[in-house]
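Asker:
Residue numbers (the working numbering), protein chains in the order written: chain A, 1 to 547; chain B, 1001 to 1488.
#1: Looking at the secondary structure, which residues open and close the beta strand (DSSP E) in which residue 316/A lies?
#2: Taking the beta strand (DSSP E) that residue 1015/B belongs to, which residues open and close that run?
#3: Under a three-way DSSP split, which group does residue 1321/B fall into?
#4: I'd like the span of the alpha helix (DSSP H) that includes residue 282/A, first residue to last.
#5: Measure the C-alpha to C-alpha separation of residue 1470/B and residue 1119/B and round it to an integer number of angstroms.
#6: Mind pulling the beta strand (DSSP E) runs of 3 or more residues that sit fully within the stretch 175 to 219 of chain A?
#7: Compare the beta carbon distance of residue 1193/B and residue 1168/B with 9 Å and say whether it is the shorter of the two.
#8: Using Cβ-Cβ distances below 8 Å, what residues of the stretch 377 to 404 of chain A are close to chain B?
#9: Can you find the residues in the same chain that come closer than 7 Å, C-beta to C-beta, to residue 109/A, ignoring five residues on each side of it along the sequence?
#10: Can you check which of these residues, 1054/B, 1320/B, 1326/B, 1246/B, is closest to residue 73/A by C-alpha distance?
#11: Terminal residues of the continuous alpha helix (DSSP H) containing residue 1081/B?
#12: Can you look up residue 1484/B in the DSSP assignment and give me helix, strand or coil?
#13: Identify whether residue 420/A lies in helix, strand or coil by the three-state DSSP scheme.
#14: If we cut at 9 Å on Cβ distances, does residue 1311/B have a partner in chain A?
#15: Taking the continuous alpha helix (DSSP H) assigned at residue 372/A, which residues delimit it?
#16: For residue 355/A, which of helix, strand or coil comes out of DSSP?
#17: Using 8 Å as the threshold, is the stretch 243 to 255 of chain A in touch with the stretch 178 to 195 of chain A, meaning 3 or more CB pairs across them?
#18: Under 7 Å, CB to CB, which of the residues in the stretch 1064 to 1077 of chain B have a partner in chain A?
#19: When DSSP labels each residue in this structure, what does residue 253/A get in the three-state scheme?
#20: If you measure beta-carbon to beta-carbon, which residues of the stretch 1315 to 1326 of chain B are closer than 8 Å to chain A?
#21: Is any beta-carbon of chain A found at less than 9 Å from that of residue 1400/B?
#22: Given that a residue counts as buried once 16 or more other Cβ atoms are within 10 Å of its Cβ, and exposed if not, what is residue 17/A?
#23: Which of helix, strand or coil does DSSP assign to residue 1173/B?
#24: In the DSSP assignment, find the beta strand (DSSP E) that holds residue 360/A and state where it starts and stops.
#25: The beta strand (DSSP E) that contains residue 1372/B, what's its start and end?
#26: Using DSSP with H/G/I as helix, E/B as strand and the rest coil, what is residue 1408/B?
#27: Answer yes if the stretch 1152 to 1159 of chain B comes into contact with the stretch 1112 to 1129 of chain B, meaning at least three C-beta pairs across the two stretches below 8 Å, and no otherwise.
#28: Looking at the C-beta of residue 1485/B, does it have a partner C-beta in chain A at a distance below 9 Å?
#29: How big is the Cα-Cα spacing for residue 471/A and residue 478/A?
#30: Can you have a look at residue 310/A and say buried or exposed, based on whether 16 or more other CB atoms are within 10 angstroms of its CB?
#31: Just to confirm my understanding: we take residue 1244/B, look at its own chain, exclude 5 residues before and 5 after, and list those with CB closer than 7 Å. What are they?
#32: Which residues does DSSP list as the beta-bridge partners of residue 1396/B?
#33: What did DSSP end up calling residue 1477/B once you bin it into helix, strand or coil?
#34: Return the first residue and the last residue of the beta strand (DSSP E) that residue 1456/B is part of.
#35: Strictly below 9 Å CB to CB, what residues from chain A border residue 1467/B?
#36: Let me see if you follow: with CB-CB separation under 9 Å, is residue 103/A close to chain B or not?
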């Protein structure tokens, strides 16, 4: 109990606990909190809700407290069930520590390094000049007369504006996106895959997230044992689990093989599918390739197996390919599901329903803030397609600046154009640095006793397995916390490093991980990895001494 | 096995297996008539002969597509933010540069390409709060209550998502005006919530009648649990501007009946009629005293898409929530975090909208000139639309006090109604389809917004240029007379 109180007394961890109270707090834990540090929870609450809280208590004093119409009891229960670790309690806590530092508070570190989210520009990656030139020209077309912009950027901007109502980025586009841009995307896919792509199958989206949610929304139906089951990898990117919770669909987990570099094992797919069939109707399989958070790049053979499985079991395939440009391992290559499907012959490509997703946020551009993206949908029932367009139309259209950014990505400067050299140089330098950092991360982490990290073949993350001593596991459990959450909170508190616990992505029971991005600059990444090493060693020591 | 192998595998996703709630979604503003309009445009391009040379789209409040010019200052700031090298360019005014620098400083890595926090950039939320305080005569606004959104639509759907719960009799009911903007009915259909219709009073300039609210609520209580009340002010598609008295009545009603208020105020700068003034629900709520301001839960919505800026494509917007339960607020933040963040260029645009050039700044004169011109032209067109439509026998149009639409009532001959019904079309859809085929004018039938049984309307925007609007109105006049003759 002494250890528990000591730990609970850390205002930081108590605060973070409070944040996810609605999700995981058990009643026994509530008891612990009240006993050991009631006042500090109270204080924390007031700090967080200064104004709202004050109003509520004023209402109570007057005796006029009206029951609210929207409370935790009346809230949509599916919303309550949603979890999204990438921006969860640990990140909220990191924000608070940052503010504390800004206000002159003292911590054992001078800055918080956020390695929780694939936010390239925030980590100092520079935008691709050409892309920004085109967007600026589209935004303020007077610049088209300026001699300081290259002709190839002007040409693209003019073309995009011609696709916009009233030649303005301020008009709505068609709900599927600007027609020109859809055609450019189809051409890009054809060039990438060497197989045909029909522009009418292309839908621009508000980031890839929006496309993924939209397709899932179409697919969810039925009740009880006929309710739609969605197969997702574990570990997964938590957008999937969040969307499944929100839509009240059934999450069907298939586990990636950590011992085999996070490869997808077809037998595991069969196992998960058979098990799920007892209580729901599995209708979709989601794949993330290259993997998030796991960084593996799928082999062509594995993709064939997945497609064959989907064909046999009649599953809709959703292929999240937002990291397609982010492949670092020399023996790996990105293969799109679309291409492999076509190469498997007409029996497959005329029947398997497939939606593939891409985005402006990753790759070498890292333009997350523009919320650009697209999906290509193949073999969708023509009537359902009409429903899809209708559904998209309610939200009017994806942001046009994001559509413009997407257009530049699929239609970059060509060797005979004036911007080619600079573009090519910027692109190679971003991808080269990422490859270097992927390697560096893997190497340094693997040198730490009790940490084991698979190679970062692609994407932007390392997802190392961490050994957590039994005493620490016990302590976390007593706090109603996942052991890797405890680990990450202490890493944040003691070293100022913000990473996301593996439990937010899902992992095999009894294993613990964290996800960190490889995005900080090489210098900063070295500092970060050094701090992780120091922390891990002292964490092991501290808890092993208690055995 | 068949030649291409198709027959072996049934599709996973068909009309029978898809989400049934989505099947029930309808969104007339981009519905069948608009799809036909796009087809006709293609036919014209391919040289097909038509009794007109261009399609005029008056179906959607898409200002720039109708030729309205962007506000120069806004676009300068956005261009500077997109491509910061331009900060060295002497052609850009200093006030635009200082705004751009300030926005970039608030972005991760000083880039529009970084994700913002899910609630939106904090500095911009503070600017929005100060803007609301100025607008509402000093009533306090807490930046923590501001959530930036992807257009107003994003926020409205999010709030509704929070509110929907229960099964059967306890399923959430949401009161919406009829006629309404179909985002509401579409969202309710998708969420499988219960739509509770309250009818606006057409004979009284589409005003909101509190007795009608009571009637609708009492009836709904028999089969669902009414928990929210949505108001659109100024009205879409109906163009009325609510009086202060009426807003007070609505707030009192919501307080008594324990309803969550959702106030859609995206047309707040679009008020044209003499004697009409925009009052925000937030301001009236706080002027009614702590008995109300400390308890009524309110979410108000605004956007960059309407008013004088008309920047629809940037998908910028915000909502302010008042008296939201603190725990629910955490849930709201969690829910919006799954979508990461609203588009950052839209956030930047919103920042300049709430923080425009001041009298002592170099861009002030141009900015005021552009804004005044746009709003004055809209006022003129609102008036013109109403006048010309009211001259047509069989068309009756309420004054367009605000917003961007006219929603006239049509007197349709019984024979036309019969023919429409035989075709399985609502009579005003039949009318609008014919109008499109014969004149190239694209409007949205009243049935897409809801209307009293046996009445027929269409919604048209007042956005085409004055010259074009005159043509549109003259063509409608001619068409209506011809249509009436034909079916009488």
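Heads up, the beta-carbon is just placed ideally off N, CA and C, and yes, glycines get one too.
Answerer: Taking the coordinates as given:
#1: Here the beta strand (DSSP E) through residue 316/A covers 316 to 320.
#2: Counting along the chain, residue 1015/B falls outside any beta strand (DSSP E), and DSSP gives it neither H nor E.
#3: Note: residue 1321/B maps to strand in three-state DSSP.
#4: That residue, residue 282/A, is in no alpha helix (DSSP H); its beta strand (DSSP E) goes 281 to 288.
#5: When the Cα atoms are used, residue 1470/B and residue 1119/B turn out to be separated by approximately 44 Å.
#6: Runs of the beta strand (DSSP E) lying entirely within the stretch 175 to 219 of chain A, each at least 3 residues long, are 202 to 206 in chain order.
#7: No, these two residues do not count as a Cβ contact at 9 Å.
#8: Here the close residues are 379, 380, 381, 383, 384, 387, 390, 391, 393, 394, 395, 396, 397, 398, 399, 400, 401, 402.
#9: Taken in chain order, the residues that qualify are 495, 496.
#10: Answer by Cα proximity: 1326/B.
#11: For residue 1081/B, the enclosing alpha helix (DSSP H) begins and ends at 1072 to 1082.
#12: Residue 1484/B: helix per DSSP, three-state reduction.
#13: Helix.
#14: So, interface residue.
#15: Following the DSSP letters along the chain, one finds residue 372/A in no alpha helix (DSSP H) but inside the beta strand (DSSP E) bounded by residues 372 to 378.
#16: In this structure, residue 355/A counts as strand in the three-state DSSP scheme.
#17: At 8 Å Cβ cutoff, the stretches do not touch.
#18: Residues passing the 7 Å Cβ filter: 1064, 1065, 1066, 1067, 1070, 1075, 1076.
#19: In the structure shown, the three-state DSSP call for residue 253/A is strand.
#20: Closer than 8 Å at the C-beta level to chain A, one finds these residues of the stretch 1315 to 1326 of chain B: 1315, 1323, 1324, 1325, 1326.
#21: For residue 1400/B, no CB of chain A lies under 9 Å from its own CB, so it is not counted at the interface with that chain.
#22: A caution first: residue 17/A carries a pLDDT of 42, below 50, which makes its placement in the model unreliable, though a value can still be read off. Around the C-beta of residue 17/A, 16 or more other C-beta atoms lie within 10 Å, and the residue is accordingly described as buried.
#23: Looking at residue 1173/B - three-state DSSP - the assignment turns out to be strand.
#24: For residue 360/A, there is no enclosing beta strand (DSSP E), as DSSP marks it with neither H nor E.
#25: From DSSP, residue 1372/B is part of no beta strand (DSSP E) but of the alpha helix (DSSP H) over 1364 to 1390.
#26: When DSSP states are grouped into helix, strand and coil, residue 1408/B belongs to the coil group.
#27: Using a C-beta cut-off of 8 Å, the stretch 1112 to 1129 of chain B makes no contact with the stretch 1152 to 1159 of chain B, since fewer than three inter-stretch Cβ pairs fall below that distance.
#28: Closer than 9 Å: no.
#29: Within the model, the alpha-carbon separation for residue 471/A versus residue 478/A is close to 11 Å.
#30: The residue in question, residue 310/A, is buried, as its Cβ has 16 or more Cβ neighbours within 10 Å.
#31: Sequence-distant Cβ neighbours of residue 1244/B in its own chain, meaning closer than 7 Å and more than five residues away, are 1279, 1284.
#32: DSSP lists 1409/B as partners of residue 1396/B.
#33: Here residue 1477/B sits in helix by DSSP.
#34: Annotation for residue 1456/B: the continuous beta strand (DSSP E) segment containing it runs 1456 to 1461.
#35: Residue 1467/B does not reach chain A, its nearest Cβ partner there being about 15 Å away, counting only Cβ pairs nearer than 9 Å.
#36: Not flagged as an interface residue toward chain B: residue 103/A, since no C-beta distance is shorter than 9 Å.
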